[in-house]
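Read in order, the letters of the sequence shown correspond to residues 1 to 268 in the UniProt record's numbering.
For every residue, glycine included, the Cβ atom is placed at its ideal position computed from N, Cα and C.
Written out below as structure tokens is the structure these notes cover.
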Amino acid sequence: MEKLAELKDMAIENFSTTGVSILKALLVLLFGWLFIKLLLSILKRALKAIKIDKFGEKLNDIEIIEGKKLNVNLTKIIISFIKWSLLLILIIIVSEMMGMTIISEEIGNLISYLPQLLSAAAIFVIGLFIANFVKKSIQSFFKSFELSGSKIVSQLVFFILLAIISITALNQAGINTDIITSNLSLIFGAFLAAFALAIGLGAREVVADLLRTYYTRRTYEVGQRIKFNNVEGEIITIDDISMTLKTITGKLIIPIKDIVNSQVEVLE
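Put into structure tokens, the structure is as follows:
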């Protein structure tokens, strides 16, 4: 009977202790949740005050593919990240109070990984801005010299930089990218080999055509009257491969190559 009474007392004591622990944990969970809601509300107003979405708009202006822009709500991302981080911390506190050390340790490991994940995201965003800046610079360079192919070249360079940035961000996040890197190396190697072969076979003529076009546009302008092969006319257009003259009999299209290699008399 004495042992039965002792077991009964131990059961009551354990139940009371467990009940108190559960009650404390529930109170901490409730007040913690209310605190998180209040903190997130204040943070949301603060982000709105500093106009963080202006930065998000700049990010959304980046075109990954022509006509396809990003759609990022920076405020929502920041709020969600902080919300789940605080919730995980709250779960750790409650787990420790309940004696569930395994849960708290595993969640603690997850939280310790968050700074690494955040730094990887920062690297990707900064790299995205750099890649977009290089893309715009290439387009401006081509337009300043009135060269064609600016979209193709700039988009190609953008994708190459984006691949490098993505691999760097994944490495920072602790993800093994050896397979991705090796496959991309093969793709880039094949592309560079094909590009080098194309340059070796046709670079002279391409460069010569570009120089002829540049020279012609700097020497002549629309509206001028010239005499070419005893034919007088007014220049109405100059494009990448030809010049168009308006003559008495109609329009005359002259290849840029012939303009550069022949004697042309400027009448006015």
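Closest by C-alpha distance to residue i, when choosing among the options
| i | options | result |
| --- | --- | --- |
| GLU221 | LEU245, GLN263 and ALA208 | LEU245 |
| ALA122 | GLY250, PHE158 and ALA169 | ALA169 |
| ILE238 | GLY250, THR249 and ILE254 | ILE254 |
| VAL125 | ILE165, GLN172, LEU43 and PHE81 | ILE165 |
| LEU27 | GLY174, PHE81, ILE187 and LEU90 | LEU90 |
| LEU43 | LEU30, ILE77, SER242 and GLY56 | ILE77 |
| LYS251 | GLN263, ILE236, LEU162 and ILE241 | ILE236 |
| ILE65 | LEU30, PHE158, LEU29 and THR219 | PHE158 |
| LEU114 | PHE81, THR219 and ILE52 | PHE81 |
| ASP240 | GLY223, ARG218 and ILE248 | ARG218 |
| ALA120 | GLU106, ILE160, ALA163 and ASN171 | ASN171 |
| ILE160 | SER140, VAL134, GLY174 and ILE175 | VAL134 |
| LEU267 | THR249, ILE248 and GLY223 | GLY223 |
| PHE188 | ILE52, SER144, ALA163 and LEU29 | ALA163 |
| ALA173 | PHE35, GLU57, LEU118 and SER144 | LEU118 |
Nonlocal neighbours in the same chain, by C-beta distance under 7 Å from residue i, ignoring five residues either side
| i | result |
| --- | --- |
| LEU110 | LEU88 |
| VAL260 | ARG212, TYR215 and THR216 |
| GLU265 | ILE226 and LYS227 |
| GLU63 | LYS69 |
| ASP53 | LEU74 and THR75 |
| MET55 | For the record, residue 55 in the displayed sequence is Phe; it is not Met. Excluding positions up to five away in sequence, the list reads LEU74. |
| ALA49 | none |
| PHE35 | none |
Cβ-based neighbour list, residue i, same chain, cut-off 6 Å, excluding 5 preceding and 5 following
| i | result |
| --- | --- |
| PHE142 | SER150 |
| GLY127 | ILE165 |
| GLY32 | LEU90 |
| GLU234 | ARG225 and LYS246 |
| SER95 | ILE103 and SER104 |
| PHE15 | With a pLDDT of only 47 at PHE15, under the threshold of 50, the placement of this residue in the model should not be trusted; the figure read from the coordinates follows. None. |
| LEU29 | VAL94 |
| ASN132 | ILE62 |
| ALA11 | Residue placement at ALA11 is flagged as unreliable, the pLDDT there being 49, under the threshold of 50; a coordinate-derived value is accordingly withheld. |
| ALA193 | none |
CB-CB length for residue i against residue j, believed under 8 Å
| i | j | result |
| --- | --- | --- |
| MET97 | LYS37 | The pair is not a contact, with the Cβ atoms about 21 Å apart (cut-off 8 Å). |
| ILE138 | SER154 | 4 Å |
| LEU40 | LYS83 | 6 Å |
| residue 269 | ILE79 | Only positions 1 to 268 of the chain appear in the structure, and residue 269 is not among them; the question remains open. |
8 Å Cβ shell around residue i - same chain, five flanking residues per side excluded
| i | result |
| --- | --- |
| SER242 | ILE253, ILE254, PRO255 and ILE256 |
| ILE167 | THR177, ILE180, THR181 and LEU184 |
| ASP209 | ASP240, ILE241, ILE256 and LYS257 |
| SER262 | PHE228 and ASN229 |
| SER85 | ILE111 and LEU114 |
| ASN60 | LYS69, LEU70, ASN71 and VAL72 |
| ILE22 | MET98 |
| LYS136 | SER154 |
| THR249 | none |
| GLN116 | GLN172, ALA173 and GLY174 |
Heavy atom of the ligand HEM within 7 Å of residue i beta-carbon
| i | result |
| --- | --- |
| GLU57 | The ligand HEM is not among the ligands present in this structure, which contains no ligands whatsoever. |
Are three or more beta carbon pairs between the region 230-241 and the region 173-193 nearer than 8 Å?
no
Could you give the uninterrupted runs of the beta strand (DSSP E) lying entirely in the region 62-106, keeping only those of 3 residues or more?
63-65
Could I get the ranges of all uninterrupted beta strand (DSSP E) runs contained in the UniProt domain "Mechanosensitive ion channel MscS" (216-265), with 3 residues as the minimum, in chain order?
Fully contained in the UniProt domain "Mechanosensitive ion channel MscS" (216-265) are the following beta strand (DSSP E) runs of length 3 or more, in chain order: 225-228, 231-238, 242-246 and 251-255.
Contact between the region 62-77 and the region 98-108 is defined here as three or more beta-carbon pairs at a separation below 8 Å; is this criterion met?
no
What ranges does the alpha helix (DSSP H) occupy inside the region 148-187, keeping only unbroken runs of at least 4 residues that lie completely in it?
Complete alpha helix (DSSP H) runs here, min 4: 150-172.
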